[in-house]
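**Q** Quick note: the sequence shown, position 208, residue 208 per UniProt numbering, numbers continuous.
Note that the Cβ used here is the ideal one computed from N, Cα and C, for glycine as well.
Structure incoming, see below.
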Amino acid sequence: MMRVAIVDDEPLARLAVKARLARHADLELVAEYGDGDTAAAGLAAIRPDLVFVDVEMPGKNGLDMLAALPRATRPLAILLTAHDTFAVRAFDLAALDYLLKPVDDDRLDDALDRARTAMSRLRPAAPPTWTRSFTVRAGTRTVIVDAAAVERIEADGDYATLHAGGKTYLVREPLQELARRLDPARFQRVHRSSIVRLDVVAELRALTNRDAMLRLRDGTLLRASRTYMPALTQALALHTHP
């Protein structure tokens with residue numbers, strides 16, 4: 001569970017971030033502050049893992065507030081700002097990302113994924129237990145679908161569709177949650193809306209915008225976003241040449 005705090009002088013802005021964070025079961029909101037001075041003292045005491053910080057606030061601004069915290073105990077930070085002119089100093093303070101207001105849901109999800117990755121490197125963790133099967137409803141029946149039989153998974157709003165053996169199954173879980181529970185040595189997210197099993201990829205063709213087109217063994221074509229290409233190409237190389 002990642003412990004999160006919010007620092008923003010606008011109550012409505014804090015409420016908007018809280019509403020988005022509530023969609024993530026692995027996040028716990030532990031504090032919120034309306035000014036930099038109060039936040040500096042509070043964060044030093046509660047020491048959250050991650051803090052969302054409004055850059056422009058009356059009094060001590062968000063960057064000054066972060067700079068005032070001891071480097072050794074400074075939480076991971078995602079900045080909230082109406083402008084991108086603070087980017088250089090933000091990264092000097094090791095901020096993970098900055099989000100332009102009004103905050104976009106997809107950009108926030110990407111920033112949270114970066115925070116999770118950073119947290120996994122900072123704290124020792126038990127060996128992960130990857131999902132081996134899915135329990136899904138098929139009409140009046142409950143069906144167990146072996147993860148090893150799933151060729152690809154596609155986002156369907158707050159749900160996901162499994163494609164396995166020519167059949168489709170609806171899972172009551174968003175794609176981003178499934179991506180964290182699947183073995184990355186066997187499955188890789190290739191787009192915001194899709195995950196593929198590595199051994200069904202037959203061809204990868206680079207596109208001019210640094211995206212790629214994947215052809216699966218059954219002929220299905222999927223677009224791979226450049227955001228996920230580095231991890232995908234590395235995983236494919238390891239899968240082909242262990």
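1. Report yes if the C-beta distance between Val4 and Leu43 is below 7 Å; otherwise report no.
2. Return the first residue and the last residue of the alpha helix (DSSP H) that Asp110 is part of.
3. Out of Ile153, Arg186, Asp218, which one is the CA nearest neighbour of Ala237?
4. Output the distance between the C-alpha atoms of Glu76 and Met119, rounded to the nearest integer angstrom.
5. Name the two residues that bound the continuous beta strand (DSSP E) containing Met213.
6. For the beta strand (DSSP E) containing Thr197, name the first residue and the last one.
7. For the structure I just gave you, are there three or more beta carbon pairs, one from the stretch 144-153 and one from the stretch 164-179, closer than 8 Å?
8. Quick one: grab the DSSP three-state call for Leu69.
9. Whole angstroms are fine: how far does the CA of Asp49 sit from the CA of Glu56?
10. Going by other Cβ atoms of all chains shown within 10 Å of its Cβ, with 16 needed for buried, is Ala111 buried or exposed?
11. Which residue wins for smallest C-alpha separation from Asp37, given the options Ala235, Ala212, Leu69, Asp218?
12. Considering only the alpha carbon of each residue, which of Leu12, Thr135, Leu21, Leu27 lies closest to Met2?
13. From which residue to which residue does the alpha helix (DSSP H) around Thr38 run?
14. Along the alpha helix (DSSP H) that carries Arg180, what are the first and last residues, could you check?
15. Compute the Euclidean distance between the alpha carbons of Thr161 and Ser193, then round it to the nearest angstrom.
16. With a Cβ-Cβ cutoff of 7 Å, do Arg114 and Leu99 count as a contact?
17. Taking DSSP as the reference, what is the three-state secondary structure of Met57?
18. So Leu198 and His239 are in contact, right, with Cβ under 8 Å, and what is the actual spacing, rounded?
19. How would you write the range of the alpha helix (DSSP H) that Leu21 sits in, first residue to last?
20. Taking only the alpha-carbon atoms, compute the straight-line gap between Arg71 and Thr233 and give it to the nearest angstrom.
21. Quick one: residues in its chain with C-beta nearer than 8 Å to the C-beta of Ala235, no 5 flanking neighbours on either side, listed in chain order?
**A** This is what the structure holds:
1. Position 4 of the sequence shown, counted from the first residue, corresponds to residue 4. Position 43 of the sequence shown, counted from the first residue, corresponds to residue 43. Against a cut-off of 7 Å, the Cβ pair of Leu43 and Val4 comes out as no contact.
2. Counted from its first residue, the sequence shown places residue 110 at position 110. Note, Asp110: alpha helix (DSSP H), 105-122.
3. As a working mapping, residue 237 is identified with position 237 in the sequence shown. When each option's Cα is compared against that of Ala237, the closest is Arg186.
4. As a first step, residue 76 is located in the sequence shown; it is residue number 76 there, counting from the start. As a first step, residue 119 is located in the sequence shown; it is residue number 119 there, counting from the start. At residue 76 the sequence reads Leu, which differs from the Glu that was named. Their backbone Cα atoms lie some 8 Å apart in a straight line.
5. If you number the sequence shown from 1, residue 213 lands on position 213. Taken as a continuous stretch (DSSP letters only), the beta strand (DSSP E) holding Met213 covers 212-216.
6. Position 197 of the sequence shown, counted from the start, is the residue given in the question as residue 197. A small correction: the amino acid at residue 197 is Arg; Thr does not occupy that position in the sequence shown. From DSSP, the beta strand (DSSP E) with Arg197 extends over 194-197.
7. yes
8. In the sequence shown, counting from the first residue as 1, residue 69 sits at position 69. It is coil, neither helix nor strand.
9. Locating residue 56 in the sequence shown gives position 56, counting from the first residue. Locating residue 49 in the sequence shown gives position 49, counting from the first residue. Taking the straight line from one Cα to the other gives about 22 Å.
10. Taking the first residue of the sequence shown as 1, we reach residue 111 at position 111. Counting Cβ neighbours within 10 Å, Ala111 comes out buried, since at least 16 surround it.
11. Within the sequence shown, numbered from 1, the residue matching residue 37 stands at position 37. Considering only alpha carbons, the answer is Leu69.
12. Against the sequence shown, residue 2 aligns to sequence position 2. It is Leu27.
13. Here residue 38 refers to the residue found at position 38 of the sequence shown. Start and end: 36-46.
14. One-based indexing of the sequence shown puts residue 180 at position 180. Arg180 -> alpha helix (DSSP H) spans 175-181.
15. The residue given as residue 161 occupies position 161 in the sequence shown. The residue given as residue 193 occupies position 193 in the sequence shown. Straight-line Cα distance between these residues: approximately 10 Å.
16. As a position in the sequence shown, residue 114 is number 114, starting the count at 1. As a position in the sequence shown, residue 99 is number 99, starting the count at 1. Against a cut-off of 7 Å, the Cβ pair of Leu99 and Arg114 comes out as no contact.
17. If you number the sequence shown from 1, residue 57 lands on position 57. Note: Met57 maps to coil in three-state DSSP.
18. In the sequence shown, residue 198 corresponds to position 198, counting from 1. In the sequence shown, residue 239 corresponds to position 239, counting from 1. About 4 Å; that satisfies the 8 Å criterion.
19. On the sequence shown, residue 21 is found 21 positions in, with the first residue counted as 1. 11-21 is the extent of the alpha helix (DSSP H) around Leu21.
20. Your numbering for residue 71 matches position 71 in the sequence shown. Your numbering for residue 233 matches position 233 in the sequence shown. Distance between the alpha carbons of Arg71 and Thr233: 35 Å.
21. By 1-based counting over the sequence shown, the position of residue 235 is 235. Answer for Ala235: Pro184, Ala185, Gln188, Leu198, listed in chain order.
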